[in-house]
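Trainee:
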Amino acid sequence: MTRASGSEPSATDVGHFAFSSLIEPLGVEEFGRDVMGRRQWFGTGSPDRFTHLLSWRSLNELIRYRRPPAPRFRLVKSGRAVPESAYHRTVHTLRGPLRMLDTARLLVEIRDGATMVWDAIDQAHAPVHAVKQGIERALRAFSFVNMYASWGDVGGFPEHWDDHDVFVVQLLGRKHWQVQQPTRKWPMPEDFSEPPTEYAHEWTLTPGSVLYLPRGWWHKVTPLNEPSLHLTIGVLRPTNADFMTWLVQQATACDLMRQDIPVLDDDQARAQHAAALRSVMDQWLGPSALELFDATQSKTHYLDPRPTLQAIDHIGPETWEADSKVVLLSTRAEIRRSDGGVALVVAGDEWWAPAEAEPCLRKLVEGRPIDADAFRGHATSSLVSELVASGVAAVI
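Quick note: the sequence shown uses the numbering used here, first residue 28, plus one each step.
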């Protein structure tokens, strides 16, 4: 059954998004080798290729039922946040005041040039969440998705650079982007620099357009006095500074690292102390430390917080709904083969299954929901139960 253009998929249809569809005609390998972290990239496609991700109609419903508190949901204008009181009203009840969105005043602010911002909208909308997960699978980096909606010709933010890589996905309308290379290579969030005096690249993004900017690239965005809706996908690729921060946290388990620095000792004692520190750090800075750092992030950054509450009383899938499907919650899962079996590997933990279960496991790793009964036909019920109980899989 095909989905009508512009319509939104059901909850069981949105688990998979192919990163390759975002960067066509480039391939994933070519993008990683020649573009990612190195230069800007601009691509176009069919105007309706992203319309299923978010529409004005679905945005209206999300605002009504799933709108988060400020500052995740806010209005901005010319680089300043519009006060919440300008588009909210307070309802006084016996249980205290209740702040509610005032839709009439919201429209007034928007007509006056405000841009609507929704940070981490992937946490509220399944089709957008699937995009986040698809990018994490392909790039092995934590991602999030923000939404920007504007209607006038007033910019929401001044020219700036981001401390993460960005994919800009234009859904509806147009916006003009000017782009310039970083003024500092690999900038960190606390860095400051003056904006460029001129921009080397510029594009007008139209529906179906995608713009990729590595961390630190300057951009100036100009609305074109028409309705515009776009998503920005932030990609937080781990840095060496992230690794070193984590390493210092782990190193405090060592007695030596918790000792006071011998500032009052003689030169020879301080030299011996420094040598001991170097020895400890040399041990920590081996390849195994990078693997452990990566595994730790897999357990904290890349697991979808989706529970299976029916498993609390009935851990066995035999008692679950007949049309249940299984989805994998990790975007960092891998398949490992061995004689007579296959393992699903997540953050260093392994779950083994018969070799005939490999096609089902591969679909799960790709982010595709699979029929629970079909999965149990190739693997044991206990495997499904273990995956759910471990927070690695969920039943929908």
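The C-beta atom is built at its ideal place from N, Cα and C for all residues, glycine as well.
Since we're looking at a predicted model, the values are computed, not measured.
Short of 7 Å in beta carbon distance, which residues of its chain neighbour Pro-222, apart from the five on each side in sequence? Order them along the chain.
Mentor: Cβ neighbours of Pro-222 beyond the five flanking positions: Glu-186 and Trp-245.
Trainee: Around the Cβ of Ile-162, are there at least 16 other Cβ atoms within 10 angstroms (buried) or fewer (exposed)?
Mentor: Buried, because 16 or more other Cβ atoms sit within 10 Å of the Cβ of Ile-162.
Trainee: To the nearest angstrom, how far is it from the Cα of Pro-36 to the Cα of Gln-310?
Mentor: Low confidence applies here, because Pro-36 scores a pLDDT of 48, under 50, leaving its location unreliable and the question unanswered by this model.
Trainee: Taking the alpha-carbon positions, what's the Val-135 to Leu-128 distance?
Mentor: Roughly 13 Å between the two C-alpha positions.
Trainee: Nearest CA to the CA of Leu-312: which residue from Leu-283, Trp-273, Leu-89 and Ala-296?
Mentor: Out of Leu-283, Trp-273, Leu-89 and Ala-296, Trp-273 has the C-alpha closest to the C-alpha of Leu-312.
Trainee: Return yes when the Cβ of Leu-80 is within less than 8 Å of the Cβ of Val-158, no when it is not.
Mentor: Against a cut-off of 8 Å, the Cβ pair of Leu-80 and Val-158 comes out as a contact.
Trainee: Taking one C-beta from the segment 274-286 and one from the segment 245-260 each time, how about it: are there three or more such pairs within less than 8 Å?
Mentor: The segment 274-286 is not in contact with the segment 245-260.
Trainee: Specify the secondary structure class of Lys-104 as computed by DSSP and reduced to three states.
Mentor: Three-state DSSP puts Lys-104 in a strand.
Trainee: At least one CB of chain D closer than 8 Å to the CB of Glu-51: is that the case?
Mentor: Of the protein chains in the structure, only one exists, and it is not chain D.
Trainee: CB-CB under 6 Å to Thr-259, same chain, minus the five flanking residues each way: which ones, in chain order?
Mentor: These residues qualify, in order along the chain: Asn-173, Val-193 and Val-195.
Trainee: If we count Cβ pairs, one from each stretch, closer than 8 Å, do we get three or more for the segment 166-181 versus the segment 217-232?
Mentor: Contact between the segment 166-181 and the segment 217-232 is absent, because fewer than three Cβ pairs lie under 8 Å.
Trainee: Select from Pro-381, Val-422 and Gly-418 the residue whose C-alpha is nearest the C-alpha of Gly-404.
Mentor: Residue Pro-381 is the option with its Cα nearest to Gly-404.
Trainee: Could you have a look at Gly-211 and say whether DSSP puts it in helix, strand or coil?
Mentor: Residue identity check: residue 211 is Arg in the sequence provided, not Gly. Arg-211 falls in the coil class under three-state DSSP.
Trainee: Tell me the DSSP secondary structure of Ile-397 in three-state form.
Mentor: Strand, per DSSP.
Trainee: Can the beta-carbon of Arg-101 be found less than 8 Å from the beta-carbon of Ala-108?
Mentor: Their beta carbons are under 8 Å apart, which means Arg-101 touches Ala-108 by this criterion.
Trainee: Should His-354 go down as buried or exposed, given a rule of 16 or more other Cβ atoms within 10 Å for buried?
Mentor: Before going on, a small fix: residue 354 reads as Val here, not His. Looking at its Cβ environment, which holds 16 or more other Cβ atoms inside 10 Å, Val-354 is buried.
Trainee: CB Arg-264 to CB Ala-360, shorter than 8 Å?
Mentor: No, they are not a contact pair.
Trainee: Please return the same chain residues whose Cβ sits closer than 8 Å to the Cβ of Val-307, not counting the five positions on each side in sequence.
Mentor: Only Ala-278, Cys-281, Leu-283 and Met-284 meet the Cβ criterion.
Trainee: Leaving out five residues before and five after Val-372 in sequence, what residues of the same chain have Cβ atoms less than 7 Å from its Cβ?
Mentor: Closer than 7 Å at Cβ, skipping near neighbours: Ala-360, Glu-361 and Arg-363.
Trainee: Below 8 Å on the Cβ atoms is my contact criterion, and I expect Gly-394 with Gln-207 to pass it. Report the Cβ-Cβ distance as a whole number of Å.
Mentor: Between Gln-207 and Gly-394 the Cβ distance is about 35 Å, and since that is not below 8 Å, they are no contact.
Trainee: Going by other Cβ atoms of all chains shown within 10 Å of its Cβ, with 16 needed for buried, is Met-143 buried or exposed?
Mentor: So Met-143 counts as buried.
Trainee: Can you tell me whether Ile-162 is helix, strand or coil according to DSSP?
Mentor: Looking at Ile-162 - three-state DSSP - the assignment turns out to be helix.
Trainee: Out of Pro-334, Ser-357, Thr-407 and Lys-352, which has the shortest C-alpha to C-alpha gap to Gly-368?
Mentor: When only C-alpha atoms are compared, the closest one is Thr-407.
Trainee: Buried or exposed: which applies to Gln-197, given that a residue is buried once 16 or more other Cβ atoms fall within 10 Å of its Cβ?
Mentor: When all chains shown are included, Gln-197 counts as buried.
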